[in-house]
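Residue numbers (the numbering used here): 5 to 280.
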């Protein structure tokens, strides 16, 4: 790390490398996720040209907890306790906070807590692909849980603005103001929605995760269908002058339509819009 930073006279470091998925044995993912974060911090601290490190955090670090209020601010506590991805993002932030006092004062740190990213870029097992592959939308009885999605194009605008404005540091939520629900998405996609008891869905995911290797959704995901993690990005909007092009629903649907066309093309189904 140090030799590369010095060789190319790097001034800003994006640290986005992270092991994803609900991997059963967390020893290796945590060694990579937390150990990698520590290595980046220590390397950047020793290279004077590096002025700032930008981290890709996640709103999942707040935790899908009963009693979560809508529009959590950056000062809300990190309480992830179910989804391994969220727990690891929380642990990453705690490691950064632990090491901060040891780092040089002129090394700026920026944490972007990003909501679920959607877009036409292929993501195996992503939320849109998972939704399209199911014959129905799925939700918990009594919980039409709000969700936020950010379109990858909007996220690229955030990255560009962040790089251009070297003064930005600290923690920022990154999500459009508007949230949506599985019910709204299902209705927009003309797909039926299936409501299940929490215990039944939890048990089904528990079994599937253990008998189907490679499945990215485990029983720990069920809490995210029950309790909202909706964040307030007004600080980001104010400090960077950001106005997102896509709402959560628009971001999801625009991605879904692109993926649907790809799936039809792959399966040899001609899209009516392709007629001459």
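We treat Cβ as the ideally placed atom computed from N, Cα and C, and that holds for glycine. Remember, predicted model here, so these are calculated numbers, not experimental data.
Rounded distance between the beta-carbons of residue j and residue i, thought under 8 Å
| i | j | result |
| --- | --- | --- |
| residue 112 | residue 173 | 4 Å |
| residue 107 | residue 45 | 7 Å |
| residue 65 | residue 40 | Not a contact, Cβ separation roughly 17 Å. |
| residue 264 | residue 76 | The Cβ separation is near 32 Å, so there is no contact. |
| residue 88 | residue 133 | Between residue 133 and residue 88 the Cβ distance is about 20 Å, and since that is not below 8 Å, they are no contact. |
| residue 206 | residue 175 | Their Cβ separation, rounded to whole angstroms, is 32 Å, which puts residue 206 and residue 175 out of contact at 8 Å. |
| residue 158 | residue 249 | 6 Å |
| residue 9 | residue 43 | No, residue 9 and residue 43 are not in contact; Cβ-Cβ is about 12 Å, not under 8 Å. |
Buried versus exposed, by CB contacts within 10 Å (16 or more), residue i
| i | result |
| --- | --- |
| residue 278 | Model confidence at residue 278 stands at a pLDDT of 39, short of 50, so the residue's coordinates are unreliable and nothing is read from them. |
| residue 275 | Any reading at residue 275 must be qualified, since the residue scores a pLDDT of 49, below 50, and its modelled position is unreliable; no value is offered. |
| residue 96 | buried |
| residue 194 | exposed |
| residue 145 | exposed |
| residue 94 | buried |
| residue 117 | buried |
| residue 209 | buried |
| residue 15 | exposed |
| residue 120 | buried |
| residue 86 | buried |
First and last residue of the uninterrupted beta strand (DSSP E) at residue i
| i | result |
| --- | --- |
| residue 112 | 112-118 |
For residue i, the first and last residue of its enclosing alpha helix (DSSP H)
| i | result |
| --- | --- |
| residue 251 | It is not in any alpha helix (DSSP H) - residue 251 carries neither H nor E in the DSSP assignment. |
| residue 240 | 238-244 |
| residue 107 | Neither: residue 107 is in no alpha helix (DSSP H) and is coded neither H nor E. |
| residue 233 | First-last for residue 233: undefined, no H or E at that position. |
| residue 7 | 6-11 |
For the region 18-103, which segments carrying the alpha helix (DSSP H) assignment without a break, of at least 4 residues, lie completely within its bounds, in sequence order? 31-50 and 88-103
Segment contact, 8 Å Cβ cut-off, at least three pairs: the region 102-119 with the region 58-68: yes
Counting only runs of 3+ residues fully inside the region 124-206, write out the beta strand (DSSP E) ranges in chain order. 141-144, 153-155, 174-178 and 197-200
Should the region 225-243 be regarded as contacting the region 96-110, the criterion being three or more beta carbon pairs within less than 8 Å? no
Mind the definition here: the region 66-80 touches the region 186-194 only if three or more C-beta pairs lie below 8 Å; say whether that holds. no
Take every Cβ of the region 153-162, pair it with every Cβ of the region 192-208, and state whether three or more of those distances are shorter than 8 Å. no
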